[in-house]
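In the working numbering, the protein residues as written are 29 to 241.
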C-alpha cells in the first residue's frame, strides 16, 4: 500500500487564502469575486480563469492572470505556512515514514514547492506532481494514475487523500481507495473513509484493515 496526497485541503488548509488572493487580484479589475469560493473548488487555474474572464482569452492572457493571482497567494501564505498545515498531517507522515508517498495536485508547481519546502514536509514525498504535468486535470484520473506509476505501483494499491468532489471523482476513477477530509466541503460522497483531520483515530484502524485484506 502506498499513499498519494492532494495538497490544498489535505496537507495545507489553504482555501481561505486562495479566496483572499483571488479577491485581491480581481478587485482592481472590477470583477465580482462573491462566488470565487464555489468557482475555484477542486479546479485547475486555467478553468477558473476561463470562467472569470471568458473563453476568448489567448494562452498568454490565461497564463498571466493565473500567475499573477498565484504570486499573491504565495506572498500571503509563505510566512504562515505552518499555521495552515492540516492538524495531524506531520505526525501521520512521520508515523508512516516507511511508506512510499506522492503529492498529486492541480496546483501550480511553485505553490506546491512553496508549501512543502516552507513546512519541511518535502522530505516525506518521493514523487511530486502538479497540474501542469498532466494534460487533463482532476476530475480526470490522469494525475493519480501517473503518480501511482511513478511510485512503481497501480492505483488499486494506493490510498488517496482528497477533500474535493473533483479530486474524489479522479481518485475513484483511477481505481484507488479514497480517504476524504472534511476541510473544504461536507459532501464526501464516494470516499471509503471520511475524517476531520489526521488525528482521527479511525484512520489508523481503517489503514490496518486495508493492509490485512
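Positions of the beta carbon are idealized from the N, C-alpha and C atoms, including for glycine.
>> Check for me: the beta strand (DSSP E) holding residue 155 runs from which residue to which?
In response: 155-157
>> Classify residue 43: buried if its beta carbon has 16 or more other beta carbons within 10 angstroms, exposed otherwise.
In response: buried
> Does the Cβ-Cβ distance between residue 114 and residue 140 come in under 8 Å?
Replying inline: no
> What separation, rounded to the nearest whole angstrom, lies between the Cα atoms of residue 233 and residue 68?
Replying inline: 33 Å
> So what's residue 13 in DSSP terms, helix, strand or just coil?
Replying inline: The question about residue 13 has no answer, for the chain in this structure spans 29 to 241.
>> Using C-beta distances below 6 Å, list every residue in its chain close to residue 165, excluding the 5 sequence neighbours before and after it, in chain order.
In response: 72, 134, 159
> In chain order, what residues of the same chain have a beta carbon less than 6 Å from the beta carbon of residue 218, not counting five sequence neighbours either side?
Replying inline: 196, 200
> What separation, rounded to the nearest whole angstrom, lies between the Cα atoms of residue 41 and residue 75?
Replying inline: 21 Å
> If we call anything under 8 Å between Cβ atoms a contact, is residue 32 one with residue 188?
Replying inline: yes
> Where residue 193 and residue 38 are concerned, what is the direct C-alpha to C-alpha distance, given to the nearest angstrom?
Replying inline: 13 Å
> Just to confirm, are residue 34 and residue 132 a CB contact at a threshold of 8 Å?
Replying inline: yes
>> Considering just the uninterrupted stretch of the beta strand (DSSP E) at residue 116, what are its terminal residues?
In response: Unbroken run through residue 116: none, as it is neither H nor E.
> What whole-angstrom Cβ distance do residue 208 and residue 222 have, given they're in contact under 8 Å?
Replying inline: 5 Å
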